[in-house]
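Participant: Below you will find the structure I want to go over with you.
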Amino acid sequence: MICAACNAPVEADDAFCRACGARQAPAGSRALSPAASAGERRQMTAMFYDMVGSTALSTQVDAEDLQIAMHAYQRRCADVVRNFGGTPQATMGDGGLVYFGYPIANEDDPLRAVSAGLALIAELPHLNRQIAELLPHFDHQFQMRIGVHTGNVVLGEVGSDLNEGRLATGEALNQAARIESAAPVDGVAVSDVTARRIQGVVDLRPLGQRDLKGIDHPVELFEVVRLRPGQSRFAVSTHAMSPLVGRGGLLQALEQHWHATAGGSGCTVVLRGDAGIGKSRAHHALRQQLTDTRHAWFQINGSSVMSQTAFHPIIQAIYEILEIAPGPDAAPVLAASLAAVGITDEATVELLAAFLDLVQPTDTSMSAEERRRLTIDAVCEWWLAIADTLPTVMVAEDLHWYDPSTLEVLNLVIQRAAGHPLLLIGTARPSFEISWPDEVTVIDVEPLSFEEVNQLVDRLAAGTELTELQWAHIAQRSDGVPLFAEELVHSLEGGNLAGAEIPDTLVDLLNARLDRLGPAKEVVQVASLIGREFSAALLGAVLPQIDGLDAILGQLVDGRFVDRRGVGARSVYLFRHALLQDAARESMLRRRRQAEHRRIAEVLRRDFGDMPEGRPEVIGHHLEHAGEVLGAVEQYVAAARSARRSAALEEAAGRYRHSITLIHTLPAGAERDGHEIALQLELAAVMGLMHAFSAPAVGEVYMRTVALCEQSGEKGDPYAEALHGLAQHHLSAARFDDAARVATVLLDHAREAGQPHPEVLAHRALSQVRFWTGRYTELWEHSARAMELYDPEAPVEQRFAMGIESGVIAMTYGAVGLWALGRPHEAAAMADRCVEHAKRQPDVYQQAYAQAYLSMLGIMLIDPERVERWALAAKSIAERHGFAPLEGLSRYTLAWAMAERGHPESFDMVVSGIGILAALGTGIGAPGCMAVVAEMYAKDGQFGEAAGYVAFGEAMADGTGQHFYTVELHRSAALAHLGLADAADD
């Protein structure tokens, strides 16, 4: 074992390091689990050295003399590389392999390796003299070639006692060996990867591109000529928080927005930039500036794991601000907090309490979509009320990891904040697409200049002696990112410079900090798999074998790895930087990561099922990374269905798409196709509710699903539902021939299989096609057959296809068929029965659908009272629940009824309905809509406008084949032309 402070060997029972005196972890806690010692993945710099001409030498000198000379040569080489922190791993007669970066990583491992190489070359004259003194008759001058490369390796079994450390495998070793063979005599050659890590601190001579054995691409090589000389210097700084350097303009901009906010004008600023660039540090500096100013300040944080979980950042922030957890005990705390800002309405308090899972909703009649809309409004008004009480700064950290619902809340806050003293500061990575109002100010936070980095290092490194070489190294490697400079300086322990970058230079920096954790390293690794944020309770349940976990977590807090909120069992920890978490995670071998993810998932299911950590999407995340694809998909589907029930449709669609991507990682075959078919059908249903079934994306999903069914031989209900969905897609886009073709295939398949459920779907689709194309007899036949086959006791999943109940559709179109065949009284009676049947269904969509479409029948019956009653009911439901197609349809039929009763607002109503339908791009029903509008204008005496709508409707009917309303178009045309003729006569 080694000391984490100085790298010196220590015994298992040593309480203190004998070399430096540093306290050692208790012996019982050093080997935390078998998995921890099984191996690890890390970036490392490998150095190969080899003697020139050794093969010929073995034939020219006595073997015993050669052995003595080689032993002195290898011993001196080992001593030299150890002086630079290298670990001799294997000696092979005339050559050797040295690790830089294991067992303790240093940020400057590439520089240490080339420095060691140059030292070996410089040592050769002394070594040759020493051997000459030892063997006066040994007449040979040793020469060397050295190769260095930086790359990824996997550390495995412990080596023999002749070599130190573990056996490494990976491309770094192979490339270093090949580079050595291409190096000049008595020279050190490095790859372009290593050269980038040391440029600026050494002089390099290009050797050009070389084709190396075993490497499938040319490698750019450089010879290391010399280290650039440097001088020591001292600096002064405080370490409580990294200094704010080079951000004066940014802080001034934030202060200006604050002054505008304090004056009553709400502002929104988004700080956009790479990880570690200083976005969070900037808003923290503003908070320091406001220390003596009356204000409120709160923050919400995004999470990569929870980016598809609706409202997660908001809910977590409220829990933390109010210091509450789910459960009824916290309801009074919430009520008091709301009352403090003037919100006392019982319905609003109950709505927010249910939103936070403090109480169960009492209004069970409220739909999920209505509850969601009211909740978004309530949260927004709550925040604005806080601002009205006291000027407020709200920080939205890591916007790139926010779910769509949380972004919707923020968007609403931005729209309403103009007259409220609220400053919203968001931070985001460059990949985040900002689609908010133009009033939002976006500030791109750029890297610091070289001079600014020097200023930062100067203040960070106070009291630490740095050589000029180390100084320049930090400034150059930090790449203008304050975090990197900060972490580099914090890695200065015992005179060792450690630091780096992900994916190239911070790797070594963070590995260096991880290596110095000793037994706490495994804790950090497992915590990194849980997430950026983790609770002490969950970590303890996952690692029950570790004694003194609280003390280890305290060590991590003290070492600035994590921040802590709360105390005791309710403590929550947050990695200070996402890059620290990434480095800890990536240092684990894939098989160990999978095993730990599997263990975390098991613990979550067993012990945290009723807590936020145990949500299906969280368990799915861990099962996915454990390599358990089907288990992960099962959890993601559960999360998607939950989101759909809550009307969080975008989140649901995201979960389904991700599940489909995961399924594609399984071996091709019928089993994989079966899983994908089920997922695609659920995805299509959600997309149809989000957009319209005519949307091209919906059609693509159904076509893919039909193809999968035919490819895999699936001829059961999934195939029928896919064909039915594809027919409905074509129907909604007014492609009636395509819809009829697909529905006929479905009907033939159903009759051949003798399956009533697929046959009901086929007749459903064909009745709709015949309705819109004006083939009345067939419309009635298909509707009647669908009603005959309809089984009200059938399973719900069979009665409801694409969200519409089969009995509702059959009776809706059956009533229209009766009217078309000249049986209006029977049509009206069936329509009434259909509405009553729809009201008995478990969701309100059926009521809205039946009454919206039957209001068209009311127009045909010339029954304004029925039309108004049905259209008003459908419009009310559709507006509350976001059923846009039904809202548009009910608005234009309601406009007809209003016109019949002489209401002047009827024209505004019809225009709004047409606008909604046009925006959806469905195309279906447009000729009938134009006929109704033309009739309204003709009866109002606006005959020119009426003729224009008729012409447009006739063109649409001819272009799409929608001939059901052709007769009505002709009648409206007659009214318009008669009116125009009368006007001309006058």
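Here the working numbering runs 5 ahead of the position in the sequence shown, where the first position is 1. Ideal Cβ positions, reconstructed from N, Cα and C, are used throughout, including at glycine.
Taking the continuous beta strand (DSSP E) assigned at P333, which residues delimit it?
Facilitator: Indexing the sequence shown from 1 puts residue 333 at position 328. Segment: none, P333 is in no beta strand (DSSP E) and carries neither H nor E.
Participant: Helix or strand or just coil, what does DSSP make of M56?
Facilitator: Here the question's residue 56 lines up with position 51 in the sequence shown. Of the three classes helix, strand and coil, the one that applies to M56 here is strand, per DSSP.
Participant: Decide if H663 is buried, meaning its Cβ has at least 16 other Cβ atoms within 10 Å, or exposed.
Facilitator: Taking the sequence shown and counting its residues from 1, one reaches residue 663 at position 658. It is buried - the Cβ of H663 has at least 16 other Cβ atoms within 10 Å.
Participant: Between the Cα of T349 and the Cα atoms of A340, L356 and L357, which residue gives the shortest distance?
Facilitator: What you label residue 349 is simply residue 344 of the sequence shown in a count that begins at 1. For T349, the nearest C-alpha among the options comes from A340.
Participant: Run the CB neighbour count on V384, radius 10 Å, all protein chains shown included, and call it buried at 16 or more, exposed below.
Facilitator: If you number the sequence shown from 1, residue 384 lands on position 379. The residue is buried, with at least 16 neighbouring Cβ atoms inside 10 Å.
Participant: Residues in its own chain within less than 7 Å of S592 by CB, not counting five upstream and five downstream?
Facilitator: Reading the sequence shown from its first residue, position 587 is the one you call residue 592. For S592, where only same-chain residues beyond five positions count, the Cβ hits under 7 Å are E45, R46, R47, N516, L519 and Q530.
Participant: Let me confirm a value: D408 is counted as buried when at least 16 other C-beta atoms fall within 10 Å, else exposed. Which label applies?
Facilitator: Position 403 of the sequence shown holds residue 408. Its Cβ being crowded by 16 or more others within 10 Å, D408 is buried.
Participant: Can you say whether N88 is buried or exposed, counting buried as having 16 or more other CB atoms within 10 angstroms of its CB?
Facilitator: Counting from 1 along the sequence shown, the entry for residue 88 is found at position 83. N88 is exposed by the Cβ-count criterion.
Participant: For E622, which option in K944, Y641, R604 and I605 has the closest C-alpha, if you only look at C-alpha atoms?
Facilitator: Position 617 of the sequence shown, counted from the start, is the residue given in the question as residue 622. The option with the nearest alpha carbon to E622 is Y641.
Participant: If you reduce the DSSP assignment to three classes, tell me which class F21 lands in.
Facilitator: As a first step, residue 21 must be located in the sequence shown, where it is residue number 16. Because the pLDDT of F21 is 45, which lies under 50, any placement of that residue in the model is unreliable, and the number read from its coordinates should be weighed accordingly. Reduced to three states, the DSSP call for F21 is strand.
Participant: Hey, how far is the Cα of A137 from the Cα of T155?
Facilitator: Position 132 of the sequence shown, counted from the start, is the residue given in the question as residue 137. Position 150 of the sequence shown, counted from the start, is the residue given in the question as residue 155. If you take the alpha carbons of A137 and T155, they lie about 36 Å apart.
Participant: Considering just the uninterrupted stretch of the alpha helix (DSSP H) at N88, what are its terminal residues?
Facilitator: Here residue 88 is taken as the residue at index 83 of the sequence shown, counted from 1. Where N88 is concerned, the enclosing alpha helix (DSSP H) stretches over A68 to N88.
Participant: For the alpha helix (DSSP H) containing M816, list its first residue and its last residue.
Facilitator: For the purposes of this step, residue 816 is taken as residue 811 along the sequence shown, with counting starting at 1. Start and end: S811 to A825.
Participant: Taking the C-alpha atoms as reference points, what is the distance between S860 and Y818?
Facilitator: Counting from one through the sequence shown, the residue named residue 860 turns up at place 855. Counting from one through the sequence shown, the residue named residue 818 turns up at place 813. Between S860 and Y818, the C-alpha separation is close to 12 Å.
Participant: Tell me whether F303 sits in a helix, a strand or coil according to DSSP, three-state version.
Facilitator: Numbered from 1 along the sequence shown, position 298 holds the residue referred to as residue 303. The answer is strand: DSSP assigns F303 an E or B state.
Participant: Compute the Euclidean distance between the alpha carbons of N168 and F227, then round it to the nearest angstrom.
Facilitator: In the sequence shown, the residue the question calls residue 168 occupies position 163. In the sequence shown, the residue the question calls residue 227 occupies position 222. Residue confidence for N168 is low, a pLDDT of 46 falling below 50, so the modelled location carries little weight and cannot support an answer.
Participant: Buried or exposed for L993, going by 16 or more other Cβ atoms inside 10 Å?
Facilitator: With the chain covering only 6 through 991, there is no way to say anything about residue 993.
Participant: Using DSSP bridges, identify the partner residues of F227.
Facilitator: Within the sequence shown, the letter at position 222 stands for residue 227. BP columns for F227 point to V195 and P211.
Participant: Is it the case that the segment 294 to 312 contacts the segment 603 to 613, given that we only count it when at least three CB pairs across the two stretches are under 8 Å?
Facilitator: They do not touch, by the three-pair rule.
Participant: Note down the Cα distance separating S38 from G523, rounded to an integer number of angstroms.
Facilitator: In the sequence shown, the residue the question calls residue 38 occupies position 33. In the sequence shown, the residue the question calls residue 523 occupies position 518. The predicted model places S38 with a pLDDT of 37, which falls under 50 and marks its position as unreliable, so this point remains unresolved.
Participant: Using the Cβ count rule (16 or more neighbours within 10 Å means buried), how would you classify R790?
Facilitator: Indexing the sequence shown from 1 puts residue 790 at position 785. When all chains shown are included, R790 counts as buried.
Participant: Between the Cα of Q852 and the Cα atoms of L259, I809 and G966, which residue gives the shortest distance?
Facilitator: Here residue 852 is taken as the residue at index 847 of the sequence shown, counted from 1. The residue with the shortest Cα to Cα distance from Q852 is I809.
Participant: Which residues bound the alpha helix (DSSP H) around P761?
Facilitator: The sequence position of residue 761 within the sequence shown is 756, counting from 1. From DSSP, the alpha helix (DSSP H) with P761 extends over P761 to T778.
Participant: What does a CB cutoff of less than 8 Å around L389 pick up in its chain, not counting 5 residues either side in sequence?
Facilitator: Within the sequence shown, the letter at position 384 stands for residue 389. Excluding positions up to five away in sequence, the list reads V418, R421, A422, H425 and L427.
Participant: Going by the CB atoms, is the gap between A118 and G100 shorter than 8 Å?
Facilitator: What you label residue 100 is simply residue 95 of the sequence shown in a count that begins at 1. What you label residue 118 is simply residue 113 of the sequence shown in a count that begins at 1. Going by C-beta atoms, G100 is not nearer than 8 Å to A118.
Participant: Under the DSSP definition of a beta bridge, which residues are partnered with T427?
Facilitator: On the sequence shown, residue 427 is found 422 positions in, with the first residue counted as 1. According to the sequence shown, residue 427 is Leu rather than Thr. Its beta-bridge partners are T397.
Participant: Along the beta strand (DSSP E) that carries E538, what are the first and last residues, could you check?
Facilitator: To locate residue 538, count along the sequence shown from 1; it is residue 533. Here the beta strand (DSSP E) through E538 covers E538 to S540.
Participant: Pair every Cβ in the segment 712 to 720 with every Cβ in the segment 729 to 740, then say whether three or more of these pairs are closer than 8 Å.
Facilitator: No, the segment 712 to 720 does not touch the segment 729 to 740.
Participant: Closer than 6 Å by C-beta to A900: which residues in its own chain qualify, once you throw out the five before and the five after it? Chain order, please.
Facilitator: Translated into the one-based positions of the sequence shown, residue 900 becomes position 895. Around A900: S911, M914 and V915.
Participant: Can you have a look at D334 and say buried or exposed, based on whether 16 or more other CB atoms are within 10 angstroms of its CB?
Facilitator: Taking the first residue of the sequence shown as position 1, residue 334 is located at position 329. Exposed: under 16 other Cβ atoms inside 10 Å.
Participant: Mind reading off the beta-carbon distance from A943 to L980? Whole number of angstroms is fine, and I expect it under 8 Å.
Facilitator: As a first step, residue 943 is located in the sequence shown; it is residue number 938 there, counting from the start. As a first step, residue 980 is located in the sequence shown; it is residue number 975 there, counting from the start. So it is a contact: roughly 4 Å between Cβ atoms.
Participant: Return helix, strand or coil for A315, following the three-state DSSP convention.
Facilitator: Within the sequence shown, numbered from 1, the residue matching residue 315 stands at position 310. Of the three classes helix, strand and coil, the one that applies to A315 here is coil, per DSSP.
Participant: From what residue to what residue does the beta strand (DSSP E) around Y104 run?
Facilitator: Position 99 of the sequence shown, counting from 1, holds the residue named residue 104. Segment G100 to F105, the beta strand (DSSP E) holding Y104.
Participant: Evaluate P932 with the Cβ neighbour count: other Cβ atoms within 10 Å of its Cβ, from every protein chain shown; 16 or more gives buried, anything less gives exposed.
Facilitator: Sequence index remark: in the sequence shown, residue 932 carries index 927 (1-based). Classification of P932: buried, given that the 10 Å Cβ count is 16 or more.
Participant: Measuring only the C-alpha atoms, how far is V229 from G192?
Facilitator: In the sequence shown, counting from the first residue as 1, residue 229 sits at position 224. In the sequence shown, counting from the first residue as 1, residue 192 sits at position 187. Their backbone Cα atoms lie some 7 Å apart in a straight line.
Participant: By the DSSP assignment, the beta strand (DSSP E) with F580 in it spans what residues?
Facilitator: As a first step, residue 580 is located in the sequence shown; it is residue number 575 there, counting from the start. V577 to F580 is the extent of the beta strand (DSSP E) around F580.
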